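Participant: Attaching a single structure in C-alpha cells format; questions to follow.
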Amino acid sequence: MPSAPRNGLPTRNGSPVNGSPVSTAAPLVRAADILPSVPASDAMGHTALGAVLADRTVLLTGAGGSIGTQLSRHLADLRPRHLVLVDVSEYNVFRLEQALHRAAPGVPVTCLIADVRDADRMASLFDTHRPDLVIHAAAYKHVPLMERHPIEAFRNNTRATAGLLRLAEARGAEQFILISTDKAVEPSGVLGYTKRLAEWYVASAAPPLAGKVVRFGNVFGSQGSVVPLFREQILRGGPVTLTHPAMQRFFMSTEEACRLVLQTIGLDEASIFVLRTEPVSILWLARRMIEHLKPWAPGPVAIEYVGLRPGEKLTERLWEPEERPVPTAHAGILGLDTPAPPSRADLDALFDRIEALCRSGRAEAVREALRRSLQDAAVPRTA
Numbered sequence: 000m001p002s003a004p005r006n007g008l009p010t011r012n013g014s015p016v017n018g019s020p021v022s023t024a025a026p027l028v029r030a031a032d033i034l035p036s037v038p039a040s041d042a043m044g045h046t047a048l049g050a051v052l053a054d055r056t057v058l059l060t061g062a063g064g065s066i067g068t069q070l071s072r073h074l075a076d077l078r079p080r081h082l083v084l085v086d087v088s089e090y091n092v093f094r095l096e097q098a099l100h101r102a103a104p105g106v107p108v109t110c111l112i113a114d115v116r117d118a119d120r121m122a123s124l125f126d127t128h129r130p131d132l133v134i135h136a137a138a139y140k141h142v143p144l145m146e147r148h149p150i151e152a153f154r155n156n157t158r159a160t161a162g163l164l165r166l167a168e169a170r171g172a173e174q175f176i177l178i179s180t181d182k183a184v185e186p187s188g189v190l191g192y193t194k195r196l197a198e199w200y201v202a203s204a205a206p207p208l209a210g211k212v213v214r215f216g217n218v219f220g221s222q223g224s225v226v227p228l229f230r231e232q233i234l235r236g237g238p239v240t241l242t243h244p245a246m247q248r249f250f251m252s253t254e255e256a257c258r259l260v261l262q263t264i265g266l267d268e269a270s271i272f273v274l275r276t277e278p279v280s281i282l283w284l285a286r287r288m289i290e291h292l293k294p295w296a297p298g299p300v301a302i303e304y305v306g307l308r309p310g311e312k313l314t315e316r317l318w319e320p321e322e323r324p325v326p327t328a329h330a331g332i333l334g335l336d337t338p339a340p341p342s343r344a345d346l347d348a349l350f351d352r353i354e355a356l357c358r359s360g361r362a363e364a365v366r367e368a369l370r371r372s373l374q375d376a377a378v379p380r381t382a
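Here's what the structure looks like:
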C-alpha cells in the first residue's frame, strides 16, 4: 500500500500540497464547458484534404506534445501516403506509436525519436523520407522558463526552424507550416523574440516551397497552460493565482488548433494565418472554472493576484500594427497581409552572431541580442 504523503510529494490518490490532496474524481475542464466555439465550417473538407495528402509524405515535428498528438491523429485519419512523426521524448513517441497502432491500422506511420536541433539527424531524416509537407510544431513555449533559458529558446525555436526550412527547400518539399504563437506579435520576452525570428525565416522560403505560419493563442488545456494549473489550484482549495485582474488571452480548443493547421494546407490568401476569435478575460476564466469545479473543491476558493512575470504582457494581439487581416475561404480563419521580412542573408548573419553568443554561454547577451534584433527591425519594410 502507498505510504502517507510527506512534504507534498505526489501519491497514487492525488497530488498533495501542504497536506491537501487533489481530487482525482473531478472532471477535466474542456473548452466546450467554458468557451464559445469558432464556426466549424471547412473550406477544404475531410475528403478534399485526404485527396491532397493521399500521394504525399507528411512530416510532423513535436508530434508527441498536446497539439502534436491530436494533430497526428487527424493526419492519420486523412491517410497520407506516409506519415512521419518526430518527437524528442522517448515516452511521447512510445505513447503515440501505441495510440496510432490502435486508432489507425493500415496507415503507413513512422514514429521517430529525434531532436530538431540535431542538424545531421534532420538531414538524414529528410534524405530518407523526402517529405512533401512539413508541419513544424516542436518548440519551447513556457514564457518564464524561456526568460531564464534564452540560449535553449533560440536554438530550439529559431535556429532549428531555420535548419528545417533549408532542408525542406533543398529536398523539394511543397509546403512548410510553422506553428507559432501570439507571443510573437509585438514581443516582450524571449519566447516571443525567438518565434518572431522563426516566422521571418519561414517567410523567406524560396519558391517553389510555400512557407506558411499559423499563430496560435493559448490552446485550452495544453501541457503547461493556465487551465490545468487553475484546475489543480481549485481542487486543492486555492488560491487561484492570477497575474492581474485586467489580463486577457486568446484561447482556442485543441480541435480548433488542429483545424487551423489542416485548413492552412489549402489556403493561399496569405502566408500567416490566425483563428478569427476574441480575447478572454483570465479573471472571468478563473471564476468560470471555480464555479464549474465547485462540487469537487474542498471549500471556498479565493483568487490571489501575484503580478506580471518576466516576459509577460497584460494583453496579446494576433497581428502587428503593420499587418492587415484579410478574409480567407474559411469563415473562421483570417490571413495576414504582412510587410516583407528581413532578407535571408541578413537573418542568417544575425543567427550566426547569436549562435556565437550561445556557444560562449552568455545567456544575458543572447537575451539582449534577441531583443535588439527585433527592435532594430521594428520599422515596417516593403517588398
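For the sequence shown, numbering that gives the first Met the number 0 assigns the number 0 to the initial residue and increments by one for each residue that follows.
Cβ atoms here follow ideal geometry from the backbone N, Cα and C, with glycine treated the same way.
Source: prediction; values computed, not measured.
(1) Considering only the alpha carbon of each residue, which of E322, G63, M246 lies closest to Q97?
(2) I'd like to check one pair, K182 with G191: are the Cβ atoms closer than 8 Å?
(3) Could you give the uninterrupted runs of the alpha helix (DSSP H) lying entirely in the segment 274-355, keeping only those of 4 residues or more?
(4) Buried or exposed: which applies to V305, given that a residue is buried once 16 or more other Cβ atoms fall within 10 Å of its Cβ?
(5) Can you check which of these residues, L208, D86, L241, is closest to S224 by C-alpha distance?
(6) Whole angstroms are fine: how far does the CA of Q247 sit from the CA of V300?
(7) Looking at the strands, I want to know which residues DSSP matches up with Q174.
(8) Touching or not, the segment 325-343 and the segment 269-279, by the rule of three or more beta carbon pairs under 8 Å?
(9) Please report the residue range of the alpha helix (DSSP H) in which I264 lies.
(10) Identify, in the order they occur along the chain, each residue of the same chain with its Cβ nearer than 6 Å to the Cβ of G67, setting aside the five sequence neighbours on each side.
(11) Using three-state DSSP, classify F93 as helix, strand or coil.
(12) Measure from the C-beta of D181 to each C-beta in chain B and report whether the shortest distance is under 8 Å.
(13) Nearest by alpha-carbon distance to E31: which of H291, A368, E363 is it?
(14) When the Cα atoms are used, what is the spatial distance from H128 to W295?
(15) Measure from the alpha carbon of W318 to the alpha carbon of each residue in L111, E311, L307, L333, then state which is nearest.
(16) Given this structure, state the Cα-to-Cα distance separating T381 from P340, to the nearest angstrom.
(17) DSSP three-state label for Q232, please.
(18) List the residues that DSSP assigns as beta-bridge partners of S179.
(19) Can you confirm whether the segment 346-359 touches the segment 149-164 when touching is taken to mean that 3 or more C-beta pairs between the two stretches lie within less than 8 Å?
(20) Looking at L259 and H73, is the spacing between their C-beta atoms short of 8 Å?
(21) Given A364, which residues of its chain have a CB within under 6 Å of its CB, disregarding the five upstream and five downstream residues?
(22) Give every residue of the same chain whose Cβ lies closer than 6 Å to the Cβ of F219, excluding the five residues on either side of it in the sequence, and list them in chain order.
(23) Assuming V115 and L163 are in contact, meaning their beta carbons sit under 8 Å apart, how far apart are those beta carbons, in whole angstroms?
(24) With a 10 Å radius around its C-beta and 16 neighbouring C-beta atoms as the bar for buried, classify G395 as buried or exposed.
(25) Going along the chain, which residues of its own chain have a beta-carbon closer than 6 Å to the beta-carbon of E303, five neighbours each way excluded?
(26) The beta strand (DSSP E) spanning V85 covers which residue range?
Facilitator: With the given structure in hand:
(1) Stepping through the sequence shown from its first residue, residue 97 is reached at position 98. Among E322, G63, M246, the Cα nearest to that of Q97 belongs to G63.
(2) Locating residue 191 in the sequence shown gives position 192, counting from the first residue. Locating residue 182 in the sequence shown gives position 183, counting from the first residue. Result yes, Cβ atoms of G191 and K182 sit closer than 8 Å.
(3) 281-291
(4) The residue you call residue 305 lines up with position 306 of the sequence shown. The residue is exposed, with fewer than 16 neighbouring Cβ atoms inside 10 Å.
(5) Within the sequence shown, numbered from 1, the residue matching residue 224 stands at position 225. Among L208, D86, L241, the Cα nearest to that of S224 belongs to L241.
(6) By 1-based counting over the sequence shown, the position of residue 300 is 301. By 1-based counting over the sequence shown, the position of residue 247 is 248. Whole-angstrom Cα-Cα distance: 21 Å.
(7) To locate residue 174, count along the sequence shown from 1; it is residue 175. According to DSSP, which records beta bridges pairwise, Q174 is partnered with L132, A209.
(8) yes
(9) Numbered from its first residue, the sequence shown carries residue 264 at position 265. From DSSP, I264 is part of no alpha helix (DSSP H); its letter is neither H nor E.
(10) On the sequence shown, residue 67 is found 68 positions in, with the first residue counted as 1. Cβ within range, chain order: G61, A136.
(11) Indexing the sequence shown from 1 puts residue 93 at position 94. Here F93 sits in helix by DSSP.
(12) Absent from the structure is chain B; it holds one protein chain and no more.
(13) Position 32 of the sequence shown, counting from 1, holds the residue named residue 31. One detail in the question is off: residue 31 reads as Ala in this sequence, not Glu. Selected option, being the one with the closest Cα: H291.
(14) What you label residue 128 is simply residue 129 of the sequence shown in a count that begins at 1. What you label residue 295 is simply residue 296 of the sequence shown in a count that begins at 1. So the two alpha carbons sit approximately 49 Å from each other.
(15) Locating residue 318 in the sequence shown gives position 319, where the first residue counts as 1. Per the Cα distances, L333.
(16) On the sequence shown, residue 381 is found 382 positions in, with the first residue counted as 1. On the sequence shown, residue 340 is found 341 positions in, with the first residue counted as 1. Note that T381 scores 38 on pLDDT, short of 50, meaning its location in the model is unreliable and no value can be drawn from it.
(17) The residue given as residue 232 occupies position 233 in the sequence shown. Helix, per DSSP.
(18) Position 180 of the sequence shown holds residue 179. S179 pairs with R214.
(19) yes
(20) The residue you call residue 73 lines up with position 74 of the sequence shown. The residue you call residue 259 lines up with position 260 of the sequence shown. No.
(21) Along the sequence shown, read from residue 1 onward, the residue named residue 364 stands at position 365. Result list for A364: L356, in chain order.
(22) Taking the first residue of the sequence shown as position 1, residue 219 is located at position 220. Here the set comprises A30, V226, F250, S252.
(23) To locate residue 115, count along the sequence shown from 1; it is residue 116. To locate residue 163, count along the sequence shown from 1; it is residue 164. Their Cβ separation, rounded to whole angstroms, is 6 Å, which keeps V115 and L163 in contact under 8 Å.
(24) Here the chain comprises residues numbered 0 to 382, so residue 395 is not present and cannot be evaluated.
(25) On the sequence shown, residue 303 is found 304 positions in, with the first residue counted as 1. Counting only Cβ-Cβ distances below 6 Å, and skipping sequence neighbours, we find P238, T240.
(26) Within the sequence shown, numbered from 1, the residue matching residue 85 stands at position 86. Its beta strand (DSSP E) spans residues 81-86.
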